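All residue numbers for the sequence shown refer to the numbering used here, where the first residue is 1 and numbers rise by one.
Idealized CB from N, CA, C, for every residue including glycine.
Computed from a predicted structure; not experimentally measured.
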Amino acid sequence: MDKVNSRAIAATTLSKVLSHQGSLGTQLGKNNTVKDFPLIQEICFGVCRHYHRIQAIISHLLDKPLRAKDLDIQCLLMVGIYQLFYMRVPDHATINETVNATGFLKKTWAKGLVNAVLRQCIKQRSALEKMLQSSDEETRFSHPAWLIAQLKHDWPDHWLQILHNNDLRAPMTLRVNLAKNSRDEYLEKLKAKNIEGSSGNLSDSAIYLATPCQVTDLPEFSQGSASVQDEASQLVPSLMNLLPGLMVLDACAAPGGKTAHMLESEQSLTKLVALDNSASRLNKLQENLLRLGLQADVTVADASQPDAWWDGEPFDRILLDAPCSATGVIRRHPDIKLLRRESDIGEYSDRQLSLLCALWNCLKPGGVLLYTTCSVLRLENDDTVQRFLHQHQSAKFHAITADWGVECLYGRQLLPDSENSDGFYFSLLEKSQGTSYPLPI
Ligand SMILES: C[S@@+](CC[C@H](N)C(=O)[O-])C[C@H]1O[C@@H](n2cnc3c(N)ncnc32)[C@H](O)[C@@H]1O
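Written as structure tokens, this is what we have:
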């Protein structure tokens, strides 16, 4: 008997995600040295992507739901069904491996059940596929009903496209360090290593890889010639209009993709303060800066409490890449569909507003704050900005004129795209001159 069973690991990983013990990324990270990690990853991502459809099949085939304490067996059924319906694993191998996994989960009593359900799936495959096609929207689109309703409300012309694109696999996108090499030069370096890449259309630093690879296979990765970053977030430095001598605050900075990009783009800033309330995420930011040979003033603090971290010297530019529902990056994090609740969205909006209000005091008159989220929901985007503008007469919304994205009331929205970027919202807020700001503490 093998010492590890990938299906059992996938089922355990999924049951931890479904019981809110951490995100899929965190749970998968615990097994990334296992030999079959790519298979485990493929299965776990796939089950999250198709969760509602797979769940509908299980409910159809089981006489009664499994007990809550058998969530691991429920997940093992999902693992088996995903392989049968969405992977090219031969049916007999799927059944053998998945049934064997019951032993690794110490639940051999479930052998017969797993075997019977998977065999029924094979026998009734076309009837089950028809059943899925005529099911409710939650099952057909494999998204929670509340999110479908919200997307229909917020994006009456785009919601179908968003749901479709959310289930695609996101490309691997690089940000070329233009301080070290041009994009064309880096494309040549990739070619020399037989890695196929093409230029992005939105940002002059973005490269899309035809096939994802390990970062260690990328040319000069350890020397900082390139980083992995979605193209949408690569628009940040140009929108910030960075200039030599400016004081910049990156208020929710970790793991530091945008901090590093701002420092690469403008190497003569007076200071860049990178703040985050998560020490472990800031460790990642430090690692990234070290690899890229960049420096920032890194501080662990709650950005909504400037009294605790601000020395009173106002900033010319502030980036607030706010904590959000991440509904724009479901392609990369399909577990978002399972983890987010409808009630979370209003809570995010309140937190975003309180961050905006607190940080506004730290901005120089004439300075600019860029508010961004990777959400596609209006409550966290235009509505949050609108609430902020109603409370702050010194704040003026500055229109972003661009040939990308959808123009919104107070900013621009990129929607998850079938070929390109993630869903991302941008709003530029300018502080009118002559506004007084609090004196240093
Ligand atoms: C969208 S992520 C930022 C991503 C980052 N800007 C980048 O490009 O790599 C949001 C970050 O906000 C941080 N955060 C959440 N609430 C915060 C608060 N009150 N103060 C500071 N950071 C906070 C989280 O720890 C998380 O790292």
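- Can we count C252 as close to ligand 1, meaning its CB is less than 7 Å from some heavy atom? The sequence position of residue 252 within the sequence shown is 252, counting from 1. C252: yes, Cβ under 7 Å from ligand 1.
- Query: Whose C-alpha, out of T384, T108 and L292, is nearest the C-alpha of L178?
  - Reply: Taking the first residue of the sequence shown as position 1, residue 178 is located at position 178. Looking at the Cα atoms, L292 is the closest of the given residues.
- For the alpha helix (DSSP H) containing D91, list its first residue and its last residue. As a working mapping, residue 91 is identified with position 91 in the sequence shown. DSSP places D91 inside the alpha helix (DSSP H), whose first and last residues are D91 to F104.
- Message: Quick check: what's the CA-CA separation for L77 versus A110?
- Response: Here the question's residue 77 lines up with position 77 in the sequence shown. Here the question's residue 110 lines up with position 110 in the sequence shown. Taking C-alpha positions only, L77 is separated from A110 by approximately 10 Å.
- Message: To the nearest angstrom, how far is the alpha carbon of S427 from that of D184?
- Response: Reading the sequence shown from its first residue, position 427 is the one you call residue 427. Reading the sequence shown from its first residue, position 184 is the one you call residue 184. So the two alpha carbons sit approximately 31 Å from each other.
- Query: Hey, how far is the Cα of D36 from the Cα of K180?
  - Reply: The residue you call residue 36 lines up with position 36 of the sequence shown. The residue you call residue 180 lines up with position 180 of the sequence shown. Roughly 36 Å between the two C-alpha positions.
- So does P306 have its beta carbon nearer than 7 Å to some heavy atom of ligand 1? Within the sequence shown, the letter at position 306 stands for residue 306. P306: no, Cβ never under 7 Å from ligand 1.
- Message: Rounded to whole angstroms, what is the Cα-Cα separation between D350 and C324?
- Response: Working through the sequence shown from its first residue, we reach residue 350 at position 350. Working through the sequence shown from its first residue, we reach residue 324 at position 324. The straight-line gap from Cα to Cα measures roughly 11 Å.
- Tell me, which residues are paired with V236 by DSSP? In the sequence shown, residue 236 corresponds to position 236, counting from 1. DSSP, once it has assigned bridges, lists no residue as partnering V236.
- Around the Cβ of P212, are there at least 16 other Cβ atoms within 10 angstroms (buried) or fewer (exposed)? One-based indexing of the sequence shown puts residue 212 at position 212. Exposed.
- Should L285 and P314 be called a contact, given that it needs their Cβ atoms to be closer than 8 Å? Position 285 of the sequence shown, counted from the first residue, corresponds to residue 285. Position 314 of the sequence shown, counted from the first residue, corresponds to residue 314. Against a cut-off of 8 Å, the Cβ pair of P314 and L285 comes out as no contact.
- Query: With burial defined as no fewer than 16 other Cβ atoms inside 10 Å of the residue's Cβ, what is the status of H92: buried or exposed?
  - Reply: Position 92 of the sequence shown, counted from the start, is the residue given in the question as residue 92. Exposed, by the Cβ-count rule.
- Message: Taking only three categories from DSSP, how would you classify S19?
- Response: By 1-based counting over the sequence shown, the position of residue 19 is 19. Reduced to three states, the DSSP call for S19 is coil.
- DSSP beta-bridge partners of F37: Position 37 of the sequence shown, counted from the start, is the residue given in the question as residue 37. None, per the DSSP bridge assignment.
- Query: Can L414 and D382 be called in contact, C-beta distance under 8 Å?
  - Reply: Indexing the sequence shown from 1 puts residue 414 at position 414. Indexing the sequence shown from 1 puts residue 382 at position 382. Not a contact, by the Cβ cut-off of 8 Å.
- Who are the near neighbours of Q229 in its chain, counting only those whose CB is closer than 6 Å to its CB and skipping five residues on each side? As a working note, residue 229 is residue 229 in the sequence shown. R175 and G257.
- Query: When burial is assigned at 16 or more other CB atoms within 10 Å of the CB, is T456 buried or exposed?
  - Reply: Look at the range of the chain in this structure, 1 to 441, and you will see that residue 456 is not part of it.
- Rounded separation between A145 and Y186 - CA only: Numbered from 1 along the sequence shown, position 145 holds the residue referred to as residue 145. Numbered from 1 along the sequence shown, position 186 holds the residue referred to as residue 186. Using only the alpha carbons, I get a separation of about 44 Å.
- Query: Would T12 be called buried (16 or more neighbouring beta carbons within 10 Å of its own) or exposed?
  - Reply: To locate residue 12, count along the sequence shown from 1; it is residue 12. Buried: at least 16 other Cβ atoms inside 10 Å.
- Item | Length at least 4, wholly inside the segment 169-217: the alpha helix (DSSP H) runs in chain order | 183-192
- Query: Is the Cβ-Cβ distance between T299 and V329 less than 8 Å?
  - Reply: To locate residue 299, count along the sequence shown from 1; it is residue 299. To locate residue 329, count along the sequence shown from 1; it is residue 329. Not closer than 8 Å, so no.
- Check each candidate in P90, L363, E342 and P38 and name the one with the smallest Cα separation from D250. Walking along the sequence shown from the start, residue 250 turns up at place 250. The option with the nearest alpha carbon to D250 is L363.
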